[in-house]
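> Chains as they are written, first to last, in the numbering used here: chain A, 1 to 211; chain B, 1001 to 1112. There's a structure below that I have some questions on.
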């Protein structure tokens, strides 16, 4: 791994680099000595967090650069748990560095346990159809049946049944499309909102004709 | 000095911008065009603050801007000034350097 980092450092404009993993911290580096181990650890942790944000904001950022007065930081996601950090001269030729690094980054993955490469394709991968949202399902064609299921649940857990139904439907939608044929799956999720087994059986019995 | 309205008018003339958001330093979204969700505003505010958090560890001045690249090739450009953070979601075919060159002189002039 150190050899690969030396190759990266040989690219014009690169001052040094490091590999950070969320499990083991800094695995290797050849940054200038002013970057102490503790500081590198902190830098790696902060930068890696940006990739973790992808899911929350529904983005798929796989690399980024930060321009400072005295340096340019290039950060590349190697996989979900590891990040390559490259510190460059402020006016470094980013395209040249990116091109050279993309080949070497693949080699780096071989040295990181449990790390699968993040796809670097420029083509958009087909995305599955958007999951239906809660409101449209509650007010859609299944609304009547969902209301009956909520009433049955309310017999077991009282006024929190509405909230419990919403939570259950959200989980249900994560698993597939809202449909009559999947109501049994929803019932199984709703059942878990009831604490005791006899009440769970009562709930399922009450809705057996609906699902 | 120019107002946010004037800034928006200027940016409307630029091609290749899908969404634009201006966020105050306290996270308040001051202006957005394109998609009206706050995702972009929240995101650029977060990455800008993160880049600033690194300063004591790196001993560097700035940051001035960030360019985030997605797997699809789309890029998000974040520019920082003393009072505001500007986020721009760019078309794949547009060079961030070109937009950066055009926006940088403008953002320091915005009065909020």
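Cβ atoms here follow ideal geometry from the backbone N, Cα and C, with glycine treated the same way. Treat the numbers as computed from the prediction; the structure is a model and nothing was measured.
1. Taking 8 Å as the cut-off, does the segment 1014-1024 of chain B touch the segment 26-40 of chain A (at least 3 CB pairs, one atom from each stretch)?
2. Does the CB of residue 52/A have a neighbour CB from chain B at under 8 Å?
3. By DSSP, does residue 203/A sit in helix, in strand, or in coil?
4. Among 1058/B, 1038/B and 1051/B, which has the Cα closest to the Cα of residue 56/A?
5. Taking residue 68/A as the query, report the chain B residues whose CB atoms sit under 9 Å from its CB, ordered along the chain.
6. Ignoring anything shorter than 4 residues or poking outside the segment 1020-1048 of chain B, list the alpha helix (DSSP H) runs there in chain order.
7. Given that residue 92/A touches chain B, what residues does it touch there, using C-beta distances under 8 Å?
8. Bridge partners of residue 61/A, per DSSP?
9. Quick check: what's the CA-CA separation for residue 60/A versus residue 53/A?
10. For residue 1039/B and chain A, any beta-carbon pair shorter than 8 Å?
11. Is the distance from the Cβ of residue 111/A to the Cβ of residue 83/A below 8 Å?
12. Is there a C-beta anywhere in chain B that falls below 8 Å from the one on residue 11/A?
13. Here's a check: name, in chain order, each residue in its chain whose Cβ is nearer than 7 Å to the Cβ of residue 170/A, leaving out the five neighbours to either side.
14. Please name the residue, chosen from 132/A, 203/A and 195/A, that lies closest to residue 176/A on a Cα-to-Cα basis.
15. Go to residue 1003/B, then tell me how far its beta strand (DSSP E) extends in each direction, as first and last residue.
16. Could you check the C-alpha separation between residue 127/A and residue 1068/B for me, to the nearest Å?
17. Measure the C-alpha to C-alpha separation of residue 80/A and residue 69/A and round it to an integer number of angstroms.
18. To the nearest angstrom, report how far apart residue 37/A and residue 85/A are at their CA atoms.
19. Residues bridged to residue 71/A by DSSP?
20. What residue does the alpha helix (DSSP H) around residue 1104/B start on, and which one ends it?
21. Taking 8 Å as the cut-off, decide whether the C-beta atoms of residue 9/A and residue 17/A are in contact.
22. Do you know how far the Cα of residue 1034/B is from the Cα of residue 1092/B?
23. If the criterion is Cβ atoms closer than 8 Å, does the pair residue 207/A and residue 148/A meet it?
24. Work out the CA separation of residue 1021/B and residue 1060/B for me, nearest whole Å.
25. Within 10 Å of its beta-carbon, does residue 77/A have 16 or more other beta-carbons around it, so buried, or fewer, so exposed?
26. Quick one: grab the DSSP three-state call for residue 1051/B.
27. Could you tell me the distance, in whole angstroms, from the CA atom of residue 1007/B to the CA atom of residue 94/A?
28. Let me know the secondary structure DSSP gives residue 128/A once reduced to three states.
29. Do we get a CB-CB distance below 8 Å when we pair residue 63/A with the residues of chain B?
30. Can you look up residue 9/A in the DSSP assignment and give me helix, strand or coil?
31. Please report the residue range of the beta strand (DSSP E) in which residue 173/A lies.
32. Can you tell me which of 75/A, 108/A, 115/A and 190/A puts its alpha carbon nearest to the alpha carbon of residue 45/A?
33. If you measure between the beta carbons of residue 1078/B and residue 1047/B, is that distance less than 8 Å?
34. Helix, strand or coil for residue 1092/B? Go by DSSP, reduced to three states.
On the basis of the coordinates in this document:
1. no
2. no
3. helix
4. 1038/B
5. 1051, 1054, 1055, 1058, 1060, 1061, 1062, 1063 and 1064
6. none
7. Per Cβ cutoff of 8 Å: no residues; residue 92/A is ~13 Å from chain B at best.
8. 1070/B
9. 9 Å
10. yes
11. In this structure, residue 111/A sits away from residue 83/A, with a CB-CB distance that is not shorter than 8 Å.
12. Chain B contact via Cβ: absent.
13. 134
14. 132/A
15. Counted as a single uninterrupted DSSP element, the stretch harbouring residue 1003/B is not any beta strand (DSSP E), since DSSP gives it neither H nor E.
16. Here the model assigns residue 127/A a pLDDT of 43, short of 50, so the residue's position is not dependable, and the following value carries that caveat. Those two C-alpha atoms are separated by around 21 Å.
17. 30 Å
18. 14 Å
19. For residue 71/A, which the question treats as bridged, DSSP gives no partner whatsoever.
20. 1096-1107
21. Cβ atoms of residue 9/A and residue 17/A: closer than 8 Å.
22. Distance between the alpha carbons of residue 1092/B and residue 1034/B: 16 Å.
23. yes
24. 26 Å
25. buried
26. helix
27. 29 Å
28. Per-residue confidence for residue 128/A stands at a pLDDT of 46, beneath the threshold of 50, marking its modelled position as unreliable; the derived number appears in the next sentence. Of the three classes helix, strand and coil, the one that applies to residue 128/A here is coil, per DSSP.
29. yes
30. Look at residue 9/A here: in three-state DSSP terms it is helix.
31. Residue 173/A -> not in any beta strand (DSSP E); alpha helix (DSSP H) instead, spanning 161-175.
32. 75/A
33. yes
34. coil
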